[in-house]
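**Student:** Using our numbering, the letters of the sequence shown map in sequence onto residues 881 to 1227. Each residue gets a CB set at the ideal place from its N, CA and C atoms; glycine is no exception. Before anything else, here's the structure in question.
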Amino acid sequence: MHLRKPTVFILRNVSIEDLEDLYELSGKVLFINLPHDKEIIKQKILRSNECFHTPSNKMEDNYYIFVLEDLEENKVIGVSMIHAQHGTEKEPHFFLRVSSEHKYSQTINTGFVHGTLRLGLDTNGPTEIGGLVLNPKYRGNAEKLGKQISFVRFLYMGIHADRFKETIHSELMPPFDKNGKSPLWEAIGRRFMNMDYDEADKLSRSNKEFILSLFPSNNIYMTLLPYEARNAVGKVGKDTLPVKRMLEKIGFHYTNEVDPFDGGPHYRCKLKDITLIQQLKTSTLAPATERLNKDAKPYLISFQYKDYPFFCLKTQASFHDNKIILPQEIIQKFDLKESTEITAIPF
881 MHLRKPTVFI LRNVSIEDLE DLYELSGKVL FINLPHDKEI IKQKILRSNE
931 CFHTPSNKME DNYYIFVLED LEENKVIGVS MIHAQHGTEK EPHFFLRVSS
981 EHKYSQTINT GFVHGTLRLG LDTNGPTEIG GLVLNPKYRG NAEKLGKQIS
1031 FVRFLYMGIH ADRFKETIHS ELMPPFDKNG KSPLWEAIGR RFMNMDYDEA
1081 DKLSRSNKEF ILSLFPSNNI YMTLLPYEAR NAVGKVGKDT LPVKRMLEKI
1131 GFHYTNEVDP FDGGPHYRCK LKDITLIQQL KTSTLAPATE RLNKDAKPYL
1181 ISFQYKDYPF FCLKTQASFH DNKIILPQEI IQKFDLKEST EITAIPF
């Protein structure tokens, strides 16, 4: 009887050889950051490659695409992204600020606290993490592949902190109705922009002017919105709840700002305050005589491998005398030496 070897998954920078896999993945999941358009995906890959090798001095021009590969199938099954700066003079970061206004009448001794929404913008925005897609076939895998393709971004930012803003920003998906529509968009956006949500979302990737020109510029009283729209503000959908919990666990907090189209909440954290980055360790490999013990824990580790600008994988590891101890099969498979510098974050 032959036991099947466990599948090995790796995380790395995207390459042009991934084009077909990413195009196929884009057809499985509807996602604006990964459109089902081969030419757009190709241009994103080429730009990302430039950034991994030689980032632009203009931070807003830099974005990084990471892929998760199933080595057994020789196939890319997941992707995530970092945009070094989201929000510039040319393309502002728009949001709705969630606040409240107190109304009170002394003559009838009656008062109300009204929830309000007000359009805001940022022209010197933070670094944004997003674009996370995992092949549906691999969801629920014991290796926690969604968590891997998410955490890889924090490992990279920890290693290259100078390439990113001091604040990290994440936009989460809100609940949509049974017809796949955004209640907030139907209540506000459609009435002021006269287009479908998907059409407006796609247009906003290349044109921000229409948002500022057409959107209400003063307070929007949530009292006047349908219940479904009010209830969508700052909430996350069922599929996004694990992402919200993960972000909160590593230091992110809700900013009381939401997406102006769908009301999805915005989360932020200072790069230096993200717990994963605070726990980042860089060391060299322990001598071959050292073996993993019962104290070993899961880590994401990165090291120089072949000619990849960035390479990473999840493994059990432990530290002793400022050296990292890894499983022998990992050391052998990737030909690691005692001089190999390895950076790790907890997983």
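Which two residues bound the contiguous beta strand (DSSP E) that contains Gly1114?
**Tutor:** Sequence index remark: in the sequence shown, residue 1114 carries index 234 (1-based). Gly1114 -> no beta strand (DSSP E), and no H or E assigned at all.
**Student:** So, at 6 angstroms on beta carbons, what are the nonlocal neighbours of Glu971 in its own chain, with the 5 sequence-adjacent residues on each side left out?
**Tutor:** Residue 971 sits at position 91 when you count from the first residue of the sequence shown. Taken in chain order, the residues that qualify are Lys1088.
**Student:** Could I get the ranges of all uninterrupted beta strand (DSSP E) runs contained in the region 886-974, with 3 residues as the minimum, in chain order?
**Tutor:** Qualifying beta strand (DSSP E) stretches, in chain order: 889-893, 943-950, 955-963.
**Student:** Determine the direct distance from the alpha carbon of Arg1148 to that of Val993, and round the result to whole angstroms.
**Tutor:** Indexing the sequence shown from 1 puts residue 993 at position 113. Indexing the sequence shown from 1 puts residue 1148 at position 268. Each residue's Cα considered, the two are about 27 angstroms apart.
**Student:** 8 angstroms is my cut-off, CB to CB: does Asp941 come that close to chain D?
**Tutor:** Protein chain content of the structure displayed is limited to a single chain, and chain D is not contained in it.
**Student:** Taking Cβ to Cβ, would you say Ile1130 is nearer than 8 angstroms to Met1037?
**Tutor:** Your numbering for residue 1130 matches position 250 in the sequence shown. Your numbering for residue 1037 matches position 157 in the sequence shown. Contact flag unset, no.
**Student:** How many whole angstroms separate the CB atoms of Ile1157 and Phe1034, which I take to be in contact at a CB cut-off of 8 angstroms?
**Tutor:** Numbered from its first residue, the sequence shown carries residue 1157 at position 277. Numbered from its first residue, the sequence shown carries residue 1034 at position 154. About 6 angstroms; that satisfies the 8 angstroms criterion.
**Student:** Hey, is the region 969-987 in contact with the region 904-919, meaning 3+ C-beta pairs nearer than 8 angstroms?
**Tutor:** The region 969-987, when compared against the region 904-919, does not touch it at the 8 angstroms Cβ threshold.
**Student:** Work out the CA separation of Thr1195 and Ser1219 for me, nearest whole Å.
**Tutor:** Stepping through the sequence shown from its first residue, residue 1219 is reached at position 339. Stepping through the sequence shown from its first residue, residue 1195 is reached at position 315. Near 19 angstroms, if we compare the C-alpha coordinates of Thr1195 and Ser1219.
**Student:** Please go through the region 974-1020 and give each complete beta strand (DSSP E) segment of 3 or more residues, from N-terminal end onward.
**Tutor:** The region 974-1020 contains these whole beta strand (DSSP E) runs: 990-1002, 1007-1014.
**Student:** Taking Cβ positions, are Val959 and Leu914 nearer each other than 8 angstroms?
**Tutor:** Sequence index remark: in the sequence shown, residue 959 carries index 79 (1-based). Sequence index remark: in the sequence shown, residue 914 carries index 34 (1-based). Contact: yes.
**Student:** Determine the direct distance from the alpha carbon of Leu926 to that of Gly1145, and round the result to whole angstroms.
**Tutor:** Stepping through the sequence shown from its first residue, residue 1145 is reached at position 265. Stepping through the sequence shown from its first residue, residue 926 is reached at position 46. Reading off the sequence shown, one finds Pro at residue 1145, where the question assumed Gly. Between Pro1145 and Leu926, the C-alpha separation is close to 31 angstroms.
**Student:** Three or more C-beta pairs closer than 8 angstroms, one from the region 1036-1052 and one from the region 997-1016: is that the case here?
**Tutor:** The region 1036-1052 is in contact with the region 997-1016.
**Student:** With H, G and I counted as helix, E and B as strand and the rest as coil, what does DSSP make of Thr1164?
**Tutor:** The sequence position of residue 1164 within the sequence shown is 284, counting from 1. Strand, per DSSP.
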